[in-house]
Amino acid sequence: MTEVTGAPADVLHTLFHSDQGGHEQVVLCQDRVSGLKAVIALHSTALGPALGGTRFYPYASEAEAVADALNLARGMSYKNAMAGLDHGGGKAVIIGDPEKIKSEELLLAYGRFVASLGGRYVTACDVGTYVADMDVVARECRWTTGRSPENGGAGDSSVLTAFGVYQGMRASAQHLWGDPSLRGRKVGVAGVGKVGHHLVEHLVSEGAEIVITDVREESVQRILDKHPGLVTSAADTDELIRAEGLDIYAPCALGGALNDVTVPMLTAKIVCGAANNQLEHPGVEKDLADRGILYAPDYVVNAGGVIQVADELHGFDFDRCKAKASKIYDTTLAIFDRAKADGIPPAAAADRIAEQRMAEARAARRTA
1192 MTEVTGAPAD VLHTLFHSDQ GGHEQVVLCQ DRVSGLKAVI ALHSTALGPA LGGTRFYPYA
1252 SEAEAVADAL NLARGMSYKN AMAGLDHGGG KAVIIGDPEK IKSEELLLAY GRFVASLGGR
1312 YVTACDVGTY VADMDVVARE CRWTTGRSPE NGGAGDSSVL TAFGVYQGMR ASAQHLWGDP
1372 SLRGRKVGVA GVGKVGHHLV EHLVSEGAEI VITDVREESV QRILDKHPGL VTSAADTDEL
1432 IRAEGLDIYA PCALGGALND VTVPMLTAKI VCGAANNQLE HPGVEKDLAD RGILYAPDYV
1492 VNAGGVIQVA DELHGFDFDR CKAKASKIYD TTLAIFDRAK ADGIPPAAAA DRIAEQRMAE
1552 ARAARRTA
């Protein structure tokens, strides 16, 4: 693979020439003393400063990390637009196993890199990073959200992320079955970590039949112990998505859950989950539609967390955030209506609405 200015050629092609590109800025960060290697990608600032979390993950290669940052940042642009926020999309990834290399020194170094962008990027938690980590980052960077209440923040954003996904599920049920209630519906949740376990609590409260799976056995066992007889488990995701009588599938782990292998195996009639970038490649949304599976666009239903961290910048109020996150129900229904009217899959309809808002913001800037 040819190297160009330190980045693989295929990544540069994605950035400058493909439909998946169009990013405004990509920053490669390295601090040899702490071992930090990070990528900060800003997709768009049309609606305001880019906002998105920091993922800490042991990528197989630097190229994979850059590609993930690009995809995630682009997704954040659409998510923030659909959530009605005055923020563009950005994302950062830190390369490495957080259980092995995460340190205060590394997080402080990362904070300095974010601060060097002068507010063009606002960071928060994501996979592999937590509230305590953001407290450390914030010591070097005032453009940090997802901090603890003791340090002026809103705390764990996964609470409202799960609440938003729950609202998306209710909207999906209303659209498909004419009733938003999930009582008696069989729901499979793949990934019961930071967000997934909160989602399970909503489903238990409503009386759904719940099947869970996770790569971490302790995460599964924690829920089984808490809700004996109310929740069952599957050995893995393949077993879960094939489960007989499954009504709703909720991917709540890493992206790419919906692909050429998994979509033909799905027994569920609705897919609505918290994971980002669930569609592995363009065209999967059509495959779902062709099978009669209703897909609630991930970046729409999982926006509760970003609604919370955005609010933190203006003085956090949980009730205000929850009220805004509850509107995910209405937004999801509007997307299904637009999809039906335009004769396109819901994912394409959501993209059109988000792109329209960003285009209008760019036009307003040019004429201001």
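Residue numbering for the sequence shown is 1192 to 1559, as defined by this note's numbering.
Where a beta carbon is used, it is the ideal one built from N, C-alpha and C, also for glycine.
Taking the Cα of Asn1493 as reference, the smallest distance to any Cα among Cys1316, Gly1506, Ala1364, Ala1465 is reached at Ala1465.
From the listed residues Ala1300, Leu1449, Glu1290, Asp1347, the smallest Cα separation to Ala1315 is found for Asp1347. Secondary structure within the segment 1506-1538: not one fully enclosed beta strand (DSSP E) run of 3 or more consecutive residues is present. Around the Cβ of Phe1304, a 10 Å sphere holds 16 or more other Cβ atoms; the residue is buried. Taking a C-beta distance under 8 Å as the contact criterion, Ile1286 and Lys1228 qualify as a contact pair. Distance between Ala1306 and Arg1333, taken at the CA atoms: about 7 Å.
Per DSSP, Ser1268 is one residue of the alpha helix (DSSP H) stretching across 1253-1273. DSSP, read as helix, strand or coil, puts Ile1484 in coil. Burial of Gln1358 is indicated by the presence of at least 16 other C-beta atoms within 10 angstroms of its C-beta. Put simply, of Asp1326, Val1391, Leu1238 the residue whose alpha carbon is nearest the alpha carbon of Gly1337 is Asp1326.
Here Phe1507 is buried. Its C-beta has 16 or more other C-beta atoms within 10 Å. Taken atom to atom, the span from the alpha-carbon of Ala1550 to that of Val1411 is near 43 Å. Each residue's CA atom was taken as its position, placing Leu1219 and Arg1553 some 26 Å apart. Distance from the CA of Ala1487 to the CA of Gly1369, rounded to the nearest whole angstrom, comes to 16 Å. Considered as a whole, the segment 1360-1398 harbours 1387-1397 as its complete alpha helix (DSSP H) runs of no fewer than 4 residues, in chain order.
Taking C-beta atoms under 8 Å as the contact rule, Gly1319 and Tyr1250 fail to qualify, at a distance of about 11 Å. Beta-bridge partners assigned by DSSP to Thr1314: Gly1243, Thr1335. Here Ser1363 is buried: its Cβ has 16 or more other Cβ atoms, across all protein chains shown, within 10 Å.
A Cβ-Cβ separation of about 6 Å places Leu1449 in contact with Glu1471 under the 8 Å criterion. Here Gly1280 carries a strand assignment [DSSP, helix/strand/coil].
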